[in-house]
Amino acid sequence: MNASHLEQLARRWAWAGLLVLPLAAPAHPSRVETLDAAAWSRLQQSEKGPSAVVFSTTDCAHCPGVIAQLSGHIRAQGSRARLIVVVMDGAGPELLRHEAYLPADRLFVFDPATPAAALRHAVDPRWRGVTPYVVLMKPAAPALTQAGPPAAELLQRWLGETGGSATGLARP
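Count along the sequence shown from 1, add 23, and you get the number used in the working numbering.
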């Protein structure tokens, strides 16, 4: 094989990569939505497939890692699960450009007119505001709420990858 043939192959592969990569790229949120207690209830009922909700703050050191973990797991499994991020202390469209939130399908902020404690209580009465806080939802199944990154076996059970169901997860 000569150098020009290798260059031709490299160009062909590069072109193919340009065609494939945009199709595999996750959707970025297009707007910042407001979350109040009623919106949380609607969100739970409106999701038609598995959804992971990560509650974060702009100064949370571990939240970007959990968001990346969930995004990576969803993509690696080829799942249609949605990733939703709720920024508890943020506001404005600048959040749409924040690198940590780019993997999200939807991006919410806490409603500033509603006390944060009331919103946390609507999500889970036991939650005291620790972040990252993860809610794994699946239609017609109980949801799991927990602080910190979910274990791999829990994510597999949530997405039904092992043939099991999400039974046994505690609904908030």
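All residues carry an ideal CB built from backbone N, CA and C; glycine is no exception.
Just so it is clear, the structure is predicted and the values come from calculations on it, not from any experiment.
With DSSP run on the structure shown, which of helix, strand or coil describes Leu182? For Leu182, the secondary structure class from DSSP, reduced to helix, strand or coil, is helix.
Smallest Cα separation from Lys161: which of Ala104, Glu117, Val153, Ala60? Among Ala104, Glu117, Val153, Ala60, the Cα nearest to that of Lys161 is on Ala104.
If the criterion is Cβ atoms closer than 8 Å, does the pair His85 and Pro155 meet it? Yes.
What does DSSP give as the partner residues of Ser79 in its beta bridges? Bridge partners of Ser79: Val110.
Considering only the alpha carbon of each residue, which of Arg65, Val77, Ala141 lies closest to Gly171? With distances taken between Cα atoms, Gly171 lies closest to Val77.
Identify, in the order they occur along the chain, each residue of the same chain with its Cβ nearer than 7 Å to the Cβ of Asp112, setting aside the five sequence neighbours on each side. Scanning its chain for C-beta atoms nearer than 7 Å, with the 5 sequence neighbours on each side dropped, one finds around Asp112 the residues Thr80, Thr81, in chain order.
For the candidate residues Asp59, Ala61, Leu66, Ala60, whose alpha-carbon lies nearest to that of Arg129? Out of Asp59, Ala61, Leu66, Ala60, Leu66 has the C-alpha closest to the C-alpha of Arg129.
Tell me which residues share the same chain as Leu119 and place their Cβ nearer than 7 Å to its Cβ, disregarding the 5 neighbours each side in the sequence. For Leu119, where only same-chain residues beyond five positions count, the Cβ hits under 7 Å are Pro52, Val55, Leu130.
Less than 8 Å between CB atoms is the rule here; does Ala170 satisfy it with respect to chain D? Protein chains in the displayed structure number just one, and chain D is not present.
For Pro73, count the other beta carbons within 10 Å of its own beta carbon; 16 or more makes it buried, fewer makes it exposed. Which is it? Buried, because 16 or more other Cβ atoms sit within 10 Å of the Cβ of Pro73.
If you run the structure through DSSP and keep just helix, strand and coil, what is Glu56? In this structure, Glu56 counts as strand in the three-state DSSP scheme.
Given this structure, state the Cα-to-Cα distance separating Ala60 from Ala75, to the nearest angstrom. Across the structure, Ala60 and Ala75 are spaced so that their CA atoms are roughly 18 Å apart.
What residue ranges within the segment 113-138 form continuous beta strand (DSSP E) runs of no fewer than 3 residues, ordered along the chain? With a minimum length of 3 residues, the continuous beta strand (DSSP E) runs that stay inside the segment 113-138 are 129-133.
Is it true that the CB of Ala166 sits closer than 8 Å to the CB of Val158? Cβ atoms of Val158 and Ala166: closer than 8 Å.
Kindly indicate the opening and closing residues of the beta strand (DSSP E) around Ala164. Ala164 -> beta strand (DSSP E) spans 164-170.
Identify whether Arg105 lies in helix, strand or coil by the three-state DSSP scheme. If DSSP states are grouped into helix, strand and coil, Arg105 belongs with the strands.
Spell out the partners DSSP gives Leu159 in its beta bridges. Ala75, Leu167.
How is the alpha helix (DSSP H) around Gln92 delimited, first residue to last? Per DSSP, Gln92 belongs to the alpha helix (DSSP H) from 86-99.
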